[in-house]
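Everything in the sequence shown is counted per the numbering used here, starting at 2 for the first residue and increasing by one.
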Amino acid sequence: MADKVRPTGREFQAAIMQNAEATRKEAVALMEALLNGGIKVKSAAEVGKRAVEYTRGDEIIKWVQDNKATVAKLCPTVMKEMGISPDSDDLINVPSVLVDEGLIYRAQYHPLEGTLEKTATGSFRRPIWPKRLIKTQKQRFDSVGFFIISYEGNQRWNYLMLTAVLLGIFAICMFQAWPLALKLGIWYISVVLLSIMVTLVVLRLVMFVFCWFCGYDFWLFPNLFDEELGVVDSFKPVHSFKYRNDTMYMLCCRLLCSVLVAASIYELRKTHDLRDVGEFARQSFMDIIEWGHNKLTAGKSADPPTAQTRSEPEEPSLYKSIGVDLSADFEAETPSAEAGEDGLDDDGRRAP
């Protein structure tokens, strides 16, 4: 029986390098899948360094558990080295390759001195998403740690975004040179978006108040004003509805407020109607649109000023609104002569 040919040292080293390269590629692919897969990423300040982006270990584990087939497809070499099968519960250990490859590193909460808060049990309170982190000495992957993302991704996309930002700033600075149609389009879009935002805020407040009277907390887009969330996450979930466990004091407050609101609506209905409110809102919207249109077209359609119009002072709009004509000539009142002035004596006779 022929002896097996053992690999030489050079072949063994080449195999190790090839395996390491495959592991690196799989780790990068897994990192990109995590970032594109919707895990929560927040910004924080790392001690002694610039601002960084980070995520939580439980966020990564949750994504791995929900995408086992994707992980098995992206990391076959890593799973083979760890001896993990696609259906095994040990699949949550695969993200440890991200720490080994330096794509993420573990950090912990590092508050400023004197800012630690304690809970009711006396333990220190740790925020869910802290704003200040520091790198830990022991680098390992677990579900309770914070992990700063050092992977920068595709630099071409970053360069493209930087170019778009610079062009956007330049375009804003050149707003006066824009075509009139483009200026009006931006104005109309801005007013429409602002009107939608105001309408949404008023609607969600009205719905909350009426549900609050009935003992429930109902919010339309409850995370709308959460500054820690992105644009898409601010509209998730669509609504929240839960029962209020109020005390007797709050029950009395709700009853009193409901009576006051009902009385106010009853009195307002005597002089106003919902159609009046709708007409007022519509007219206000059209006035704002017209005001912006007039401002933008003022220098385009106005006739060139003549010598006479340049010499005449422009009347303030305040006086125009109350109907006062400043161009009218007012007769000066003749001041009454007083004794002893203009050469008159005390009896009213002119002195010789």
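Ideal placement from N, C-alpha and C gives every residue a C-beta, glycine not left out. Just so it is clear, the structure is predicted and the values come from calculations on it, not from any experiment.
Of the other Cβ atoms in all chains shown, 16 or more fall within 10 Å of the Cβ of residue 56; this residue is therefore buried.
Excluding its 5 nearest sequence neighbours in each direction, residue 35 has C-beta neighbours in its own chain below 7 Å: 61 and 64, listed in chain order. Under DSSP, residue 188 takes part in no beta bridge, so it has no partner. Unbroken beta strand (DSSP E) runs of no fewer than 3 residues, entirely contained in the stretch 200-224, are found at 217-221, following chain order. Contact check for residue 92 and residue 74: beta-carbon distance about 12 Å, past the 8 Å limit, so the pair fails to qualify.
In this structure, residue 45 keeps its C-beta atom at 8 Å or more from the C-beta atom of residue 126. Two segments are said to touch when three or more pairs of C-beta atoms, one from each, lie closer than 8 Å; by this definition the stretch 233-250 does not touch the stretch 275-292. When rounded, the separation of the alpha-carbon atoms in residue 66 and residue 88 is 10 Å.
If you draw a 10 Å sphere on the C-beta of residue 108, you find 16 or more other C-beta atoms in it, and that means buried.
Going by DSSP, residue 267 is part of the alpha helix (DSSP H) stretching over 249-272. In the three-state reduction of the DSSP assignment, residue 85 falls in the coil class.
Residue pairing by DSSP places residue 136 opposite 108 in a beta bridge. Rounded to the nearest whole angstrom, the C-alpha separation of residue 225 and residue 59 is 25 Å.
Setting aside the 5 residues that flank it on each side, residue 104 is surrounded in the same chain by 28, 29, 32, 150, 151 and 152, each with a C-beta closer than 8 Å to its C-beta; the list follows chain order.
The Cβ-Cβ distance between residue 244 and residue 217 falls below 8 Å. Per DSSP, the unbroken alpha helix (DSSP H) holding residue 97 starts and ends at 97-101. Taking a C-beta distance under 8 Å as the contact criterion, residue 214 and residue 265 do not qualify as a contact pair. The continuous alpha helix (DSSP H) containing residue 62 extends over residues 58-67. In the three-state reduction of the DSSP assignment, residue 171 falls in the helix class.
Nearest C-alpha to residue 112 among 208, 47 and 239: 47. Selection 148, 197 and 186 evaluated against residue 129 yields 148 as nearest (Cα-Cα). Between the alpha carbons of residue 97 and residue 142 lies a distance of about 5 Å. Its chain contains no residue whose beta carbon lies nearer than 7 Å to that of residue 175 once the 5 sequence neighbours on both sides are disregarded. The alpha carbon of residue 51 has as its nearest neighbour, out of 135, 76, 39 and 81, the alpha carbon of 135. Looking at the backbone, the Cα of residue 209 and that of residue 261 are separated by about 16 Å. Residue 254 is classed as exposed because its beta carbon has fewer than 16 other beta carbons within 10 Å across all chains shown.
In the three-state reduction of the DSSP assignment, residue 147 falls in the strand class. Residue range 43-47 is occupied by the beta strand (DSSP E) that includes residue 45. Assignment of beta-bridge partners to residue 244 by DSSP yields 217.
Ranked by Cα distance from residue 236, the options 228, 229, 223 and 242 are led by 223. Contact check for residue 43 and residue 54: beta-carbon distance about 7 Å, within the 8 Å limit, so the pair qualifies. Residue state for residue 228 is assigned as coil, using DSSP reduced to three classes.
Between the beta-carbon of residue 189 and that of residue 290 there is about 7 Å, and that keeps the pair under the 8 Å contact cut.
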